[in-house]
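In the numbering used here, the protein residues as written are 623 to 1066.
Here is the structure:
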């Protein structure tokens, strides 16, 4: 091979690498380009922005064309170089050297550069790519058509899969963004809450009937106003006759104060004052909170009474409860910051019996079964099920579960008020389970 012909081969080789770099870089630029920036440039009269927008709107077709051209370029280059350009080495060594050069300078480097600055790369390369691609379009259409036909026969519809981004894909990106510091913990949590929002029911977020602050319809307005001002944590109160299962309306603090200001309220019962109570709205426990939120917005209501399958009051749901499922706990100047889990100096934890089971699992890094989440809302319910009885006021039993020993500290009104959770070894856990079984037998 003479020197002139060798130089000719070298020039051809680097032209092939340059073409590969242009095509691979342009494909990477299209995948990472900012559509908003292109639209702004289009409004400013940039013709290249118009061309890039057309490609960006249907990137799959153009990227397919670019991939076909890069494959053709690589095939032709491989055949050409292995035949005429061997650098004095044997064919295998020459192939390895050429492959390293091609991958480094024809693929990896241009793709990284284009991904880092896609708009600049796209504007610089769009003219070159169009000149090369347009004459090749008939051939590209034939190859693409054959590929689509074969995939169609295999039951694969590429058109339907282009935009098939699942919830799991987005959640995976959110978690990855949080792990890499792109998203703050609060931002990642809020996005997660939004996706879980549509899966929750009224029973998941309601204030349980035992914790409802309500007013008796026979209470005088003067006493009701005094109670509202003293209690001070709510602006709306359910009003009932006889018991909480017979809610007749909602008393708004503003309505009560305005009426008390303009009328003689001595001896007047709130249940008998015309127009004082607002209509109570009732929903089932299974009501989806997403649709409930939209309904409360349209009807301008802020409180719903949750009713169980037997027609009894199960709890209440407020607009604040629903919003807290997205943004987290909303505290105002009258709210008491309730801490469910308190780390102790010895490495153990003090937990409220009302701690949600999900929070216990997260804080202690333990796993509960699906049936536990379905059956119990709080740590109190879970521990009582393990005890298999209602605890006594002076209860000091211990329950072992998943590497932790839960010691009951306080019981009030047949509910576990607080417990201490300590990490234990497997031997201590086995010994505790045996003692717990003996204790249950004695109490039986």
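All residues carry an ideal CB built from backbone N, CA and C; glycine is no exception.
Out of 737, 895, 867, point me to the one whose CA is closest to residue 647's CA.
737
Over what stretch of residues does the beta strand (DSSP E) that includes residue 1044 continue unbroken?
1037–1045
Once DSSP output is grouped into helix, strand and coil, what is the label at residue 1032?
strand
Please state the DSSP three-state secondary structure of residue 623.
Because residue 623 sits at a pLDDT of 48, beneath the cut-off of 50, its placement in the model cannot be relied upon, and the following sentence gives the value as read from the coordinates. If DSSP states are grouped into helix, strand and coil, residue 623 belongs with coil.
Which first and last residues belong to the beta strand (DSSP E) in which residue 734 is found?
Going by DSSP, residue 734 is part of no beta strand (DSSP E) but of the alpha helix (DSSP H) stretching over 731–738.
Taking the alpha helix (DSSP H) that residue 914 falls in, what are its first and last residues?
911–921
Is residue 863 helix, strand or coil by DSSP?
coil
Who does residue 928 pair with in a DSSP beta bridge?
Its beta-bridge partners are 905, 937.
Suppose the cutoff is 7 Å on Cβ atoms and the five residues either side in sequence are ignored; what does the same chain contact list for residue 1037 look like?
975, 1002
Determine the direct distance from the alpha carbon of residue 1007 to that of residue 1000, and round the result to whole angstroms.
11 Å
Measuring alpha carbon to alpha carbon, tell me which of 875, 832, 830 ends up nearest residue 1075.
Residue 1075 cannot be examined here, being either before or after the span of the chain that is shown, 623 to 1066.
Going by Cα to Cα distance, which pick from 1016, 841, 1015, 1044 is closest to residue 1029?
1044
Alpha carbon to alpha carbon, how far is residue 726 from residue 720? Give it in angstroms, no decimals.
10 Å
For residue 735, tell me which candidate among 937, 761, 915, 650 has the shortest Cα-Cα distance.
650
Counting Cβ pairs, one atom from each stretch, are 3 or more of them under 8 Å apart for the region 868–882 and the region 891–904?
yes
Can you say whether residue 937 is buried or exposed, counting buried as having 16 or more other CB atoms within 10 angstroms of its CB?
buried
Could you spell out where the beta strand (DSSP E) holding residue 974 opens and where it closes?
971–974
What separation, rounded to the nearest whole angstrom, lies between the Cα atoms of residue 806 and residue 881?
48 Å
Is the beta carbon of residue 912 closer than 7 Å to that of residue 819?
yes
Return the chain-ordered ranges of every alpha helix (DSSP H) run that is complete within the region 768–855 and spans a minimum of 4 residues.
780–783, 789–801, 807–819, 824–827, 843–853
I need the DSSP call for residue 1013, collapsed to helix, strand or coil.
coil
What do you get for residue 944, buried or exposed, if any count of 16 or more other CB atoms within 10 angstroms of its CB means buried?
buried
For residue 623, I'd like the list of residues in its chain whose CB is within less than 6 Å of its CB, leaving aside the five on either flank, ordered along the chain.
Reliability fails at residue 623, whose pLDDT of 48 lies under 50, so the model's placement of it is uncertain and the value that follows must be treated cautiously. Taken in chain order, the list of residues that qualify is empty.
Looking only at its own chain, which residues have a Cβ that is under 8 Å from the Cβ of residue 656, when we skip the five neighbours before and after it?
740, 741
If distances are taken between C-alpha atoms only, which option among 673, 733, 722 comes closest to residue 645?
With distances taken between Cα atoms, residue 645 lies closest to 733.
What does the alpha-carbon distance come out to for the pair residue 904 and residue 863?
16 Å
Going by beta-carbon coordinates alone, are residue 1067 and residue 907 separated by less than 7 Å?
Outside the shown range of the chain (623 to 1066) lies residue 1067, about which nothing can therefore be said.
Return yes when the Cβ of residue 835 is within less than 7 Å of the Cβ of residue 878, no when it is not.
no
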